[in-house]
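Input: a single structure, listed below in structure tokens.
Numbering (the working numbering), first residue to last: 2 to 403.
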């Protein structure tokens with residue numbers, strides 16, 4: 002699927018077929034139509050620059066059109082010398098947000114942006130190897146990644162800019178069960194292969210009115226290195242350490258279960274398998290997958306939503322030093338309405354030592370992402386805007402990139 006894209010334009014008009022036009026009766030009308038086709042073809046070529054970003058890799062059926070993308074939004078964008086092409090890679094979790102931002106920014110500034118959502122690991126590696134000027138990641142840079150970035154950020158280093166929030170939905174497909182509540186210990190046991198059937202006593206206790214079938218649980222996890230995996234396992238480690246003994250990270254470590262590539266792959270497997278459960282961003286829920294509500298110890302179980310994710314992010318602390326704005330989320334939050342399995346995706350950029358040919362474009366695009374208009378767009382496509390206190394620091398940091 003090509004998010005927000007018009008049909009391809011290279012087939013707008015047919016080849017001339019070696020003078021067959023003269024054999025038709027209404028020569029004047031056909032000549033007029035040919036001229037009109039050529040004009041449309043020229044317009045299509047000139048418009049291709051603004052749609053180049055639509056060529057980014059497809060990450061599945063979870064893409065939703067941006068309800069917030071509009072001409073008025075695009076007209077408020079400051080291009081500030083942005084030009085040419087901008088290539089990037091990284092988090093597939095934020096792909097739908099990046100696509101929406103690219104659509105508006107390209108319309109306003111005529112810049113070609115291609116974000117290949119190959120996963121956080123791929124994006125950070127490409128950034129630290131100097132292949133791209135900016136990357137997306139669902140996890141903050143590790144010390145060894147910061148060290149590697151210093152080789153490409155002349156006189157500086159890579160920093161984390163929190164830009165997109167959102168709940169990691171626990172998606173399930175279970176015929177006859179429209180509402181499902183789970184807690185951290187039960188989730189940990191399901192994904193670790195300790196609870197294997199949907200009518201297990203632990204699940205029944207949390208869902209006394211549900212008609213849980215005697216059916217094997219089909220648990221799906223990511224096969225590729227993923228910040229979504231990293232954030233889910235951070236939650237399990239923090240919320241139920243007795244039931245999740247793994248060290249965590251972007252690579253799935255628990256035994257058993259089945260795997261699929263990227264968020265779209267996990268979502269597809271869940272949607273087509275009765276009895277399945279998996280984890281992916283909220284934008285991938287629907288069309289066969291429902292979302293689990295999480296019992297946190299608050300008054301009521303909390304369903305994933307942009308509002309419940311923003312409440313959780315507001316409880317986070319900035320733990321980065323200097324220009325780095327990496328966050329420490331409170332996975333044990335018991336605040337009413339705060340969804341605990343929440344992900345923050347970062348944009349990774351050099352604080353100093355950016356390449357002169359890409360710096361204006363990178364800054365202009367990051368500024369738009371962090372702007373009031375850019376953040377407002379997120380809620381309409383199932384993402385959570387950054388709380389005001391955090392995004393204010395992001396804007397200040399972007400202004401200082403050099």
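Glycine included, each C-beta is placed from N, C-alpha and C at the ideal position. Bear in mind the structure is a predicted one, so any value in this text is a computation, not a measurement.
Any idea if residue 216 is buried or exposed, counting beta-carbon neighbours within 10 angstroms, 16 or more meaning buried? Counting Cβ neighbours within 10 Å, residue 216 comes out exposed, since fewer than 16 surround it.
Taking contact to mean at least 3 C-beta pairs separated by less than 8 Å, is the segment 306-313 in contact with the segment 121-137? No contact exists between the segment 306-313 and the segment 121-137.
For the candidate residues 90, 204, 84 and 381, whose alpha-carbon lies nearest to that of residue 294? If you compare the alpha carbons of 90, 204, 84 and 381 with that of residue 294, the shortest gap goes to 204.
Just to confirm before moving on: does the CB-CB distance between residue 190 and residue 232 stay below 8 Å? Cβ atoms of residue 190 and residue 232: not closer than 8 Å.
Whose CA, out of 147, 113 and 218, lies closest to the CA of residue 125? With distances taken between Cα atoms, residue 125 lies closest to 147.
With DSSP as the reference, identify every bridge partner of residue 347, one or two as the case may be. Note: residue 347 sits in a beta bridge opposite 138 and 163.
Less than 8 Å between the beta carbons of residue 399 and residue 360, yes or no? No. Outside cutoff.
Distance cutoff 8 Å, beta carbons only. Does residue 160 sit that close to anything in chain C? This model lacks chain C altogether, as it is built from one protein chain only.
From 185, 224 and 227, pick the residue whose C-alpha is nearest to that of residue 207; which is it? Minimum Cα distance to residue 207 is reached at 185.
For a test of the three-state rule: what should DSSP assign to residue 108, helix, strand or coil? Residue state, collapsed to three classes: helix.
Spatial neighbours of residue 77 within its chain, please: C-beta separation below 7 Å, excluding the five flanking residues on both sides. Sequence-distant partners of residue 77 (beyond 5 residues in either direction) whose C-beta falls short of 7 Å from its own C-beta, in its chain, are 374.
Note down the Cα distance separating residue 107 from residue 333, rounded to an integer number of angstroms. Annotation: residue 107 to residue 333 spans about 40 Å, alpha carbon to alpha carbon.
In the structure shown, what three-state DSSP assignment does residue 387 receive? Shown here, residue 387 sits in coil according to DSSP, grouped into three states, outside any helix or strand.
Considering only residues of the same chain and omitting the five flanking positions on each side of residue 150, which have a CB-CB separation below 6 Å? The residues are 129, 158 and 159.
Taking Cβ to Cβ, would you say residue 276 is nearer than 8 Å to residue 329? Not in contact: residue 276 and residue 329 (Cβ atoms no closer than 8 Å).
CA-to-CA distance, residue 248 to residue 63, given in whole angstroms: At residue 63 the pLDDT is 43, less than 50, meaning the model places this residue with poor confidence; the figure from the coordinates comes in the next sentence. A straight line joining the alpha-carbon of residue 63 with that of residue 248 spans about 30 Å.
Please go through the same chain and pick out, in chain order, the residues whose beta-carbon is closer than 8 Å to the beta-carbon of residue 397, but skip the five residues on each side of it. So no residue of the chain qualifies.
Can you say whether residue 38 is buried or exposed, counting buried as having 16 or more other CB atoms within 10 angstroms of its CB? The pLDDT assigned to residue 38 is 41, lower than 50, so where the model puts this residue is not dependable; a value taken from the coordinates is nonetheless given after this. By the 10 Å Cβ count, residue 38 comes out exposed.
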